[in-house]
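Residue numbers (our numbering), protein chains in the order written: chain G, 1 to 414; chain Z, 1 to 263; chain E, 1 to 273.
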Amino acid sequence: MDHHLIPRGLDRAPLSRFLLWLLPWLALSVWGGWAAVALFRDGLYHTNMDNRFAFGLWIIFDLAVIALGAGAFFLGFLTYLMRRHEFRQVLNTAVIVGFVCYSGAIATLAIDVGQPIRAWFAFWHANVHSMLTEVTFCITCYLVVLAIEYLPIVLKNRSLRPVKGALVLEANLHRLMIVFAGVGAFLSFFHQGSLGGMFGVLNGRPFAFREGVGIWPSTFFLFILSAIAAGPSFIMLIVMTVSRLSGKRLVDQFVYARLGRISGILMAAYALAKLADTVVWIFVTLPGLGFDAAEFYRHELFGTWVLFLELTVFGLLPATILLNRRRLEDRRWLVAGAVLTCLGVSFNRFVFTLQTLSVPTMSFDRFMIYWPSWQEWAVVAGVVAYGVLLYSFSFRYLNLFPRERELQPTVGRS
Amino acid sequence: MHATENTGARYAMAIDLDKCTGCGACMVACAVENNVAVPPPAAAANRGLTWMAVHRTDNGQEWPAHRPVFIPIPCQQCEHAPCIHVCPVTAVQLDESTGIVGQVPARCMGCRYCMAACPYHARYFNYFDPTWPEGLEETLNPDVAPRMRGVAEKCNFCHGRLDRARERAAAEGRPADEVVAYVPACVEACPHGAITFGDSRDPASPMAQLARDPRAFRLLEALGTGPKVTYLSADPAVRRVGLSRLDMVRGATAVTADGAEGA
Amino acid sequence: MLPSAYEFHWDAGHLVFLGIFYGVLMVVLATLARAAIRSRRDLRRRREGDIAWHEAFADLTEERRHCRHAFDGAASGRVCDHGFACDTCAGHARLAAAGGGDVVVARGPRAPRAGERLHHRGHTWVEARADGTFDVGVDDILRSCVGRPDRVTVPGPGERVQAGAPAAELQRGRLRARLVAPLTGTVVATGDYEGGRLYRVRPLDGECRLENLLRPAEAQVWRLRELEMLQARLGAPGAATALADGGELVADLMRACPAADWDAIIGDLCLEP
Ligand code: SF4
Ligand code: SF4
Chain G
1 MDHHLIPRGL DRAPLSRFLL WLLPWLALSV WGGWAAVALF RDGLYHTNMD
51 NRFAFGLWII FDLAVIALGA GAFFLGFLTY LMRRHEFRQV LNTAVIVGFV
101 CYSGAIATLA IDVGQPIRAW FAFWHANVHS MLTEVTFCIT CYLVVLAIEY
151 LPIVLKNRSL RPVKGALVLE ANLHRLMIVF AGVGAFLSFF HQGSLGGMFG
201 VLNGRPFAFR EGVGIWPSTF FLFILSAIAA GPSFIMLIVM TVSRLSGKRL
251 VDQFVYARLG RISGILMAAY ALAKLADTVV WIFVTLPGLG FDAAEFYRHE
301 LFGTWVLFLE LTVFGLLPAT ILLNRRRLED RRWLVAGAVL TCLGVSFNRF
351 VFTLQTLSVP TMSFDRFMIY WPSWQEWAVV AGVVAYGVLL YSFSFRYLNL
401 FPRERELQPT VGRS
Chain Z
1 MHATENTGAR YAMAIDLDKC TGCGACMVAC AVENNVAVPP PAAAANRGLT
51 WMAVHRTDNG QEWPAHRPVF IPIPCQQCEH APCIHVCPVT AVQLDESTGI
101 VGQVPARCMG CRYCMAACPY HARYFNYFDP TWPEGLEETL NPDVAPRMRG
151 VAEKCNFCHG RLDRARERAA AEGRPADEVV AYVPACVEAC PHGAITFGDS
201 RDPASPMAQL ARDPRAFRLL EALGTGPKVT YLSADPAVRR VGLSRLDMVR
251 GATAVTADGA EGA
Chain E
1 MLPSAYEFHW DAGHLVFLGI FYGVLMVVLA TLARAAIRSR RDLRRRREGD
51 IAWHEAFADL TEERRHCRHA FDGAASGRVC DHGFACDTCA GHARLAAAGG
101 GDVVVARGPR APRAGERLHH RGHTWVEARA DGTFDVGVDD ILRSCVGRPD
151 RVTVPGPGER VQAGAPAAEL QRGRLRARLV APLTGTVVAT GDYEGGRLYR
201 VRPLDGECRL ENLLRPAEAQ VWRLRELEML QARLGAPGAA TALADGGELV
251 ADLMRACPAA DWDAIIGDLC LEP
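Structure below.
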């Protein structure tokens with residue numbers, strides 16, 4: 001049915017099976033869309049956020065996916081600017097996953113703000129001292145860059161090959177890709193950092209506040225480090241999953257190990273930096289603000305285990321796994337290290353968003369907790385489903401893995 | 001940013017906790033004055049709007065010394081407000097001529113970053129379309145624009161009243177940059193006279209003296225936010241509520257009473 | 001965002017921040033514009049054929065990109081990274097010189113003799129004629145695969161064909177085999193598929209690049225390798241044995257092995273990944 005769209009020589013499931021696979025995701029995205037419509041129509045009272053929990057599930061989700069989507073810029077940077085050509089094998093996936101993550105995050109943000117039609121104010125009335133302004137500018141620009149990077153992958157679709165304009169534009173865009181990779185790296189560097197800076201500058205929230213290095217708080221750098229540590233791991237897990245689901249080898253085995261190793265090195269750097277940052281925060285920052293770190297970890301949900309988990313299981317542990325060459329060769333260890341890395345970064349974003357708002361500031365404040373409403377879950381589920389759908393279509397109709405054909409056993413194919 | 005040091009007024013407020021009974025008259029007066037919308041009855045507890053919130057705690061003593069303490073918290077009009085520099089759309093601004101932290105509802109896009117930044121939980125978000133129960137809309141104040149759904153709002157020391165006072169001054173032919181005297185609604189409404197208001201830069205104002213009062217303290221001063229609301233209590237145990245919780249538990253007595261301006 | 005916006009200040013913060021923002025915007029837009037302009041220029045210069053060839057070549061698997069010197073034994077296992085443009089390849093110059101260096105060109109003493117065939121790896125060949133024109137045809141492997149095409153599209157007289165660019169097309173059912181031109185020149189006549197010839201070309205002096213085509217000795221080795229490949233791809237033992245020992249090719253392989261992934265095979269044969 002759709003053979004003329006599937007890249008030559010790639011073995012894809014029959015159309016009926018593909019449609020069946022899409023079905024649940026379509027249902028989820030309809031659910032999310034339904035919730036989004038209700039939220040736009042009625043306002044944010046459909047959420048469980050309140051005056052204390054000004055940020056909720058959506059911000060945690062946005063921060064996590066943007067960190068996980070860092071693979072797009074980081075691998076682009078490594079491939080085009082550092083000439084690590086082995087990553088070309090996963091670059092298309094990185095671009096699409098990045099596009100999904102950023103467009104999904106922006107869509108979620110559009111629902112999250114109370115006055116979405118004023119979103120352009122962030123440009124027009126930009127407050128250049130706000131970290132959120134930096135984030136807004138950078139992620140919007142970067143989404144454009146990602147769309148441009150996505151374009152040639154789409155233009156290479158088989159049905160577009162005979163279109164002269166598409167062919168020539170694709171070739172020319174491809175030749176200039178190094179510029180976009182460079183711009184993407186620049187933009188991403190700043191907004192990954194500013195997302196951390198968003199919390200680090202909150203001098204009214206000692207739990208989040210951090211000492212500055214130049215004009216940026218330390219979280220600026222920690223967020224960059226953790227994002228580029230998680231990016232390659234996340235891409236690796238995605239490719240592994242797709243490979244599993246489609247029953248095909250998509251990239252050379254060694255690429256996984258390389259991705260894991262990069263994650264490992266950065267994770268180690270991150271874990272150490274985080275440790276140092278925590279020490280400074282506990283012994284210098286907090287006493288200066290009249291607070292004591294122990295205060296933040298005295299509450300039901302957020303005990304000291306939070307800190308412990310972040311530093312060890314989600315920090316040093318994946319670093320040690322992924323730095324060990326023998327473990328990198330072992331698929332189970334590799335996956336474990338990558339999963340811990342991705343979980344750790346997401347958990348870090350969760351802690352910064354939620355614990356910051358949960359813990360009391362004033363002496364007579366209460367510790368509070370929040371649980372998202374179904375509408376909030378629905379939006380998140382919808383965005384995830386949108387990502388799966390977009391990737392599924394891309395995987396079926398676009399040639400994402402340059403080595404896929406060569407890696408398939410030739411004999412016995414039909 | 002552009003004004004030179006010490007020009008213009010620094011309106012400030014002092015709230016005597018020894019006089020406050022927690023009656024809530026200030027909250028009501030504030031809501032009426034500033035057209036604060038009434039959330040639907042089914043709204044969750046922490047979703048309502050109130051520019052002045054009376055918190056309840058106690059002096060931390062055992063009976064018979066035990067007594068409740070009520071702490072009315074309006075926006076503290078921080079001189080170094082954490083909520084200003086975070087706003088991406090410049091919807092929060094410090095008015096150099098008054099020291100009031102202004103909120104521009106028509107520009108706010110409702111990202112709520114400022115709410116996460118404020119340590120005093122003094123900001124509120126319009127989760128609902130603004131509504132008033134049948135008949136109550138008759139009481140709306142024509143001097144203050146109600147806020148739309150999806151934006152943040154907070155106390156602005158009754159800016160509507162300040163504007164009125166300025167208009168009167170102008171009508172009387174006084175110079176435009178002269179500091180005018182006015183009283184916010186809560187000050188007027190407090191049956192016990194617990195709230196004082198004035199220009200702390202004016203040596204003749206009661207605020208100038210109150211700042212040096214040994215009973216004075218401010219909330220979370222160590223954060224460096226420079227709040228312009230001073231609290232007063234003769235009881236050292238009560239004065240400790242201004243500290244962070246742990247300092248309070250430790251029984252620290254670092255309550256300071258100097259410098260009405262946190263600068 | 002603009003100095004005209006309410007409450008814009010000419011201060012360092014705004015200048016640095018907005019300067020960087022507009023800088024990035026300019027770079028992105030300028031690069032996009034550059035891509036668009038170059039594309040327009042390429043289209044106007046009719047470079048799409050060239051581009052299609054280079055893109056296709058870059059996407060070929062390694063086994064499809066063997067260097068011609070892997071066939072004449074001078075460099076076994078060598079993989080071409082030149083788009084089969086041997087005339088621009090330093091390695092070819094060296095290896096050809098070592099091996100006797102008989103380079104073919106369109107005219108003059110080193111031109112192919114009338115009746116001599118040179119092969120393009122897209123399974124087309126050119127045959128020199130006495131009057132200096134060349135016939136272009138489809139080789140037996142591709143003919144056997146496609147069997148009887150439903151439709152044959154060839155360039156008409158007067159059209160220009162360019163080495164490497166798609167010039168003709170065979171269609172069978174849903175399958176399309178795109179045939180790249182083996183040399184550059186102007187079409188002077190069309191042939192007929194049944195007779196084995198597609199069209200006749202008068203080469204463009206200095207541009208027809210005959211030296212990039214496989215000479216008979218190389219083509220022989222290459223042909224065997226292609227048969228091997230085909231055998232592996234067909235997987236059907238019956239058809240395969242016939243192929244491996246150079247036996248007669250079935251007239252209509254597509255009918256003989258309907259289960260094979262013909263789309264992929266044709267793509268491989270015609271160098272269109
Ligand atoms: S009390 Fe809160 S809202 Fe008021 S100025 Fe300070 S930080 Fe801003
Ligand atoms: S909620 Fe409004 S005022 Fe607060 S930071 Fe966002 S845009 Fe600014």
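Glycine included, every Cβ here is placed at the ideal spot set by N, Cα and C.
Note that the structure is a prediction, hence the values are computed from the model and not measured.
- I37 (chain E) counts as exposed, since fewer than 16 other beta carbons sit within 10 angstroms of its beta carbon.
- If you draw a straight line from the Cα of A44 (chain Z) to the Cα of C87 (chain Z), it is about 26 Å long.
- Distance check between W371 (chain G) and each of G:M362, G:L146 and G:S358 places G:S358 closest, using alpha-carbon atoms only.
- Counting only runs of 3+ residues, the beta strand (DSSP E) found wholly inside the stretch 21 to 75 of chain Z occupies 53 to 58 and 68 to 73, in chain order.
- Beta-bridge partners of H66 (chain E) (DSSP): E:V79.
- Between F207 (chain G) and chain E, the shortest Cβ-Cβ separation is not below 8 Å.
- Closer than 9 Å at the C-beta level to chain G, one finds these residues of the stretch 246 to 269 of chain E: A259, A260, D261, D263, A264, I265, I266, G267 and D268.
- Between K228 (chain Z) and Q76 (chain Z), the alpha-carbon positions lie close to 5 Å from each other.
- Here the alpha carbon of R200 (chain E) sits roughly 25 Å from the alpha carbon of K164 (chain G).
- Listed along chain E is no residue with a C-beta nearer than 7 Å to that of E149 (chain G); the closest approach is about 11 Å.
- Taking 7 Å as the cut-off between beta carbons, the residues of the stretch 114 to 125 of chain G near chain Z are G114, Q115, R118, A119, F121, A122 and H125, in sequence order.
- Taking 7 Å as the cut-off, the C-beta of G43 (chain G) does not count as close to any heavy atom of ligand 1.
- In the DSSP assignment, D135 (chain E) forms a beta bridge with E:E127 and E:R200.
- The three-state secondary structure of D16 (chain Z), taken from DSSP, is strand.
- DSSP places I195 (chain Z) within a strand segment (E or B) once states are collapsed to three.
- Of all C-beta pairs linking the stretch 153 to 162 of chain E to the stretch 110 to 118 of chain E, fewer than three are shorter than 8 Å, placing the two stretches out of contact.
- Rounded to the nearest angstrom, the gap between the Cα atoms of I84 (chain Z) and W63 (chain Z) is 43 Å.
- Contact note: A171 (chain G) reaches chain E through I51 and E55, using a C-beta cutoff of 7 Å and chain order.
- In the structure shown, E169 (chain E) falls within a strand segment according to DSSP collapsed to helix, strand and coil.
- Given a length threshold of 4 residues, each whole run of the alpha helix (DSSP H) inside the stretch 158 to 203 of chain Z is given here in chain order: 159 to 171 and 185 to 189.
- Taking 9 Å as the Cβ-Cβ cut-off, the stretch 114 to 128 of chain Z approaches chain G at C114, M115, A116, A117, C118, P119, Y120, H121, R123, Y124, F125, N126, Y127 and F128, given in chain order.
- A distance below 6 Å between beta-carbons, with the five flanking residues on each side excluded, links G9 (chain G) to the following residues of its chain, in chain order: R405.
- Going by beta carbons, G387 (chain G) and V100 (chain G) fall inside the 8 Å limit.
- Sequence-distant partners of G122 (chain E) (beyond 5 residues in either direction) whose C-beta falls short of 6 Å from its own C-beta, in its chain, are V180, C270 and L271.
- G185 (chain E) carries a strand assignment under DSSP once its states are collapsed to helix, strand and coil.
- Set against 7 Å, the gap from the CB of Q77 (chain Z) to the closest heavy atom of ligand 1 is smaller.
- Bridge partners of P217 (chain G) according to DSSP: G:G212.
- A direct Cα-Cα distance of roughly 28 Å separates A74 (chain E) from R403 (chain G).
- Listed in chain order, the alpha helix (DSSP H) elements of length 4 or more contained wholly in the stretch 22 to 75 of chain E are 48 to 59.
- The CB of H3 (chain G) comes closer than 9 Å to the CB of R174 and D263 in chain E, given here in chain order.
- When the five nearest sequence neighbours on each side are left out, the beta carbons in the same chain lying within less than 7 Å of the beta carbon of S76 (chain E) are those of A70, in order along the chain.
- Flagged as an interface residue toward chain G: G150 (chain Z), by a C-beta distance shorter than 8 Å.
- For V97 (chain G), the enclosing alpha helix (DSSP H) begins and ends at R88 to D112.
- Look at K154 (chain Z): its beta carbon is less than 7 Å from one of the heavy atoms in ligand 1.
- A208 (chain G) places its beta carbon 8 Å or farther from that of F221 (chain G).
- Excluding sequence positions up to five before and after M1 (chain G), its CB lies within less than 8 Å of the CB of L15, all in the same chain and listed in chain order.
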